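The structure appears right after this line, and notes come after that.
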Amino acid sequence: MPRPATVRSRRDAVFFAENINLTEPVMLTYHIKPEPEQKRLLLLDQRLLPVQEQYFICRRTEDVVYAIREMVVRGAPAIGVTAAWGCWLAALQLQMDGLDKSRYWERLLMESLQKIAQARPTAVNLAWAVARMRKLWMENSTVGLEALIRIWENEAENIHADDIELNMRMGAHGAELIADGDTVMTHCNAGSLATAGYGTALGVIYAAVEAGKKIKVISNETRPWLQGARLTAFELQKSGVDVTVACDNSCAILMSKGLVQKVVVGADRVAANGDAANKIGTYGVAVLARHFGIPFYIAAPYSTFDFNCASGHEIPIEERPHEEVTRFRDIQVAPSGVPAYNFSFDVTPAALITGFITEHGVFKPPYFRSFRKLQTLAQEAEQKAAQQAAPAELDSASNLTDGNGSSTKRLQTAKDGDILRMDREGSALMPGAEYPIGEPAAVSPAWLEDSAAEVAALSKAPEAA
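If you use my numbering, the sequence shown corresponds to residues 24 to 488, in order.
Have a look at this one:
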């Protein structure tokens, strides 16, 4: 697979996607497509893939909430990026409704952000993205709505571009774990479609292929939405990667025949003790991988780690309508009146996970120790980004300027790069033993108090401009 052109920004990524022959191998980046001039956000409707490629148009908060809840867009990082653009749309909506002069616009905007943050419960990136946008608002609490719209557009663009960049770094780290000739099993879709581009679990595969390794992929179909069959196979085929779809209940026989050398999946939330929530069925794959002695890796960005969540039992598990199981599209597959279990996610215990692949490297057990290193590396990276960013201010015309008054296209504040992670401050885990699911890791009381204070601060609306 040819390596995609260097992506320097979100606009570069979209330009790259729009100016290629889609019959050739390609990294998908056109599935989340903001159009500021048209004041809308286009989302490739993943419910229709692979048969039809059609955009779902978001113009209002309700459109964004619907798109996230009804799985027009899915995958934790992609949901986070969509949420960031959704915050921008929420501010635009108030302006277009003529409420920018209202004394209540701040309260109305805060209510819209709350709706977006609550669209789906399990993926931590959703709340993370909304909290980051809200934090930036608080840092610029004296500006009006028009200026906030520009600030948020820049920040959403930064989040969008950063996700592609960190996915590529994650892929490079993970590719070192994949041997030439390996067949990698994956579950659900943790590729370009689940992120801003490149992907988490599939990013590892893309990077291994780009390194010249001959890799095959087994994509579990992933009932009931068939993300593996519909989406993973779709994008791997477009990218020129050898992929075969397998029904979910064939994992054991495939592993027993020696047809699987590695398992790499994504995650929607990782708890402080290393338990990880991912698409329903992942837990079973991990159990089988352990039985057959196959390495089981999770690829996830740092924003997916929730150190406020002590163990997997604290991760909220979404339950979706039983009709998604008893019917397939318009075809009834179970008797009328028979209920169905439809948990959207399950939690894989840390003890079954060989390691976590992140943009900061690969982290293996014991996780109470390796996660402390992860936190340190992430904090150092943020501090470095903050030092490199020039302070920015708003001039009298509400244009973005640097400290010298020069115009700048990309917002850079004194805390640019200081991504809001309420649960990242201090040392989250205390030295101790490995913790199975259900037994929380010990947490520093001071760290909890600091986090609680930040959460309380986020619940307050900024002062009126």
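Just so you know, even glycine gets a beta-carbon here, dropped at the ideal spot from N, CA and C. Computed from a predicted model, the values in this text were never measured in an experiment.
Between residue i and residue j, which are expected to be in contact by the criterion C-beta below 8 Å, what is the C-beta distance as a whole number of angstroms?
i	j	result
Y325	A401	5 Å
A322	G226	7 Å
A198	A234	5 Å
G251	V268	7 Å
M161	E382	That pair is no contact at about 26 Å.
E346	L51	No, E346 and L51 are not in contact; Cβ-Cβ is about 29 Å, not under 8 Å.
A9	S334	The question about residue 9 has no answer here: the residues shown for the chain are numbered 24 through 488.
V264	I238	7 Å
L136	R157	6 Å
Per the DSSP calculation, residue i is bridged to which residue(s)?
i	result
F379	I321 and F386
R63	E58
K285	V207
N212	N212 is not bridged to any residue.
E342	F366
Y78	L67
T267	I241
Q402	According to DSSP, which records beta bridges pairwise, Q402 is partnered with nothing at all.
K407	K407 pairs with nothing; no bridge assigned.
Q250	According to DSSP, which records beta bridges pairwise, Q250 is partnered with nothing at all.
V293	A299 and F328
R350	Q355
T371	A299
Leaving aside the five residues before and after residue i along the sequence, list all residues of the same chain whose C-beta is less than 6 Å from its C-beta, in chain order.
i	result
W111	W175, E176 and A179
R82	R63
I390	Sequence check: residue 390 is Tyr here, not Ile. Closer than 6 Å at the Cβ level, and outside the excluded window around Y390, lie G297 and A373.
G109	V87 and I139
A275	L311
A480	Unreliable positioning characterises A480 in this predicted model, as indicated by a pLDDT of 41, which lies under 50. A coordinate reading is not provided.
M119	none
A256	S242, V266 and V268
Thinking C-alpha only, which one of the options is nearest residue i?
i	options	result
H314	N296, L277, A333 and Y53	L277
F386	G121, Y320 and S273	Y320
G378	A309, A408 and Y53	A309
P344	I354, D329 and P362	P362
I55	G204, A256, Y221 and M208	Y221
V370	R352, N243 and E337	E337
L115	A170, T381, N272 and I241	A170
D86	S125, A142, C270 and Q75	A142
W151	W160, A140 and M161	A140
H196	D271, T223 and D205	T223
R489	M156, L249, I303 and F328	This structure does not reach residue 489, given that the chain is present from 24 up to 488, and the question cannot be answered.
F328	E134, A256, G307 and I380	I380
S273	L136, F79 and E244	E244
I187	L159, Y53, R157 and E134	Y53
S215	I172, V232 and K261	K261
V356	P247, L149 and Q411	P247
V348	Y364, P339 and I340	Y364
G384	V74, L397, V232 and R392	L397
P73	R253, R155 and A154	R253
I340	I80, G98 and D291	D291
S367	R173, A99 and Q75	A99
N301	K285, D185, A217 and Q411	A217
V266	Q75, T165, V232 and A299	V232
R92	L189, D185, P144 and N181	P144
T84	R126, S125, Q75 and V153	V153
I228	C332, V287, D185 and H210	V287
A113	E60, A146, I172 and S125	I172
H210	A404, C270 and R392	C270
A408	D185, G121, I303 and F394	D185
E405	P388, L189 and S393	L189
L149	N181, G121 and R97	R97
Identify, in the order they occur along the chain, each residue of the same chain with its Cβ nearer than 8 Å to the Cβ of residue i, setting aside the five sequence neighbours on each side.
i	result
Q77	L67, D68 and L71
L230	It is worth fixing the name first, because residue 230 is Ala in this sequence and not Leu. Closer than 8 Å at Cβ, skipping near neighbours: M191, G194, A195, G197 and A198.
H183	R33, A36, I55, P57, V104, A107, W108 and A219
A475	Only weak support is given to the placement of A475: the predicted model assigns it a pLDDT of 39, under 50, and the question is left unresolved by the model.
S279	F315
M94	Q69, R70 and W248
Can you find the residues in the same chain that come closer than 7 Å, C-beta to C-beta, to residue i, ignoring five residues on each side of it along the sequence?
i	result
K236	I201 and D203
L117	D123, W128, L131, L132 and L168
V283	T206, M208, I241, L277 and I317
L375	A309, V310, R313 and F319
R350	V356
F79	L66, D68, A90 and V95
A146	A99, I102, D291 and R292
I303	F366, S367, F368 and D369
T305	H210, V288, D369 and T371
Nearer than 7 Å: is that true of the beta carbon of residue i relative to any heavy atom of the ligand MG?
i	result
F328	Of the ligands one can find in the structure shown there are none, so the ligand MG has no counterpart to examine.
**Asked** Can you list the alpha helix (DSSP H) stretches of 4 or more residues lying completely in the region 117–193, in chain order?
**Response** 128–140 and 147–162
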